[in-house]
Amino acid sequence: MPPTPHPPAPEHRLLRPPFLPQPVRTSEDAALTAARYLQWLGFEDLELTEGQEREAVTLLGSRMVARVDTWAEPADVKAVECLWLETLHSEEVAAAMFTTSGYSRQALVRGEQLLVALFTLDAAGLPQPANGAAEALMETGWTS
Numbered sequence: 001m002p003p004t005p006h007p008p009a010p011e012h013r014l015l016r017p018p019f020l021p022q023p024v025r026t027s028e029d030a031a032l033t034a035a036r037y038l039q040w041l042g043f044e045d046l047e048l049t050e051g052q053e054r055e056a057v058t059l060l061g062s063r064m065v066a067r068v069d070t071w072a073e074p075a076d077v078k079a080v081e082c083l084w085l086e087t088l089h090s091e092e093v094a095a096a097m098f099t100t101s102g103y104s105r106q107a108l109v110r111g112e113q114l115l116v117a118l119f120t121l122d123a124a125g126l127p128q129p130a131n132g133a134a135e136a137l138m139e140t141g142w143t144s
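Heads up: the sequence shown runs through residues 1 to 144, numbered per UniProt numbering.
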């Protein structure tokens, strides 16, 4: 069952300055960019942990679980579902995924169904939303 809707973010999130990207050349750059981006969105208490599968790291916070996947192939539906499962312990936790190689079509569909915000990281370091949940996270600070 997808998470329940969360109230809109406070007004101050909507008035933040533009995100300042930095080039993504390595896996470490991708993880740093994702962490900086989530902090820019208001998720301040993130901790970095090594991922269990593929070339990924996880960013954990009190209101966010995010995965940064730098594998050479697009993220699949399993990666999206596994990330979503990490949010089931609380209705107050959002999920976001950042990848340098995009997403399979099935992963995009499933991310939308589960309200997992999916972003693609380009070489310039600017996260691009890949689904509606990512656009909602950018606009309101939440995925619904």
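The beta carbon of each residue, even a glycine, is placed where N, CA and C say it ideally should be. All of these numbers come straight from a predicted model, not from anything done at the bench.
Discussion item. Threshold first: 3 residues or longer. Then list the beta strand (DSSP E) segments lying entirely within the region 55 to 108, N to C.
Written reply: 56 to 60, 64 to 69, 94 to 99
Discussion item. Please tell me whether Ala-124 and Pro-23 are closer than 9 Å, where the distance is taken between their beta carbons.
Written reply: yes
Worksheet item: Is Gln-113 helix, strand or coil when you go by DSSP?
Response: helix
Worksheet item: Alpha carbon to alpha carbon, what distance is there between Ala-94 and Gly-132?
Response: 14 Å
Item to complete: Just tell me which of Ser-101, Leu-126, Asp-45 has its CA closest to the CA of Pro-74.
Response: Ser-101
Worksheet item: Under the three-state reduction of DSSP, which class applies to Glu-47: helix, strand or coil?
Response: strand
Worksheet entry | Spatial distance of Ala-130 from Leu-115 (CA atoms) | 12 Å
Discussion item. Am I right that Glu-81 and Arg-105 are in contact with their C-beta atoms under 8 Å? What's the rounded C-beta distance?
Written reply: Actually they do not touch by this definition, with Cβ atoms about 15 Å apart.
Worksheet item: Start and end of the beta strand (DSSP E) containing Gln-22?
Response: That residue, Gln-22, is in no beta strand (DSSP E); it is neither H nor E in DSSP.
Discussion item. Among the candidates Ser-90, Ala-79, His-89, whose CA atom is the shortest distance from the CA of Ala-117?
Written reply: Ala-79
Discussion item. Tell me the DSSP secondary structure of Leu-121 in three-state form.
Written reply: strand
Discussion item. Would Leu-48 and Ala-31 qualify as a contact pair, given that the criterion is a beta-carbon distance under 9 Å?
Written reply: yes
Discussion item. Which residue wins for smallest C-alpha separation from Glu-135, given the options Asp-76, Leu-41, Val-65?
Written reply: Leu-41
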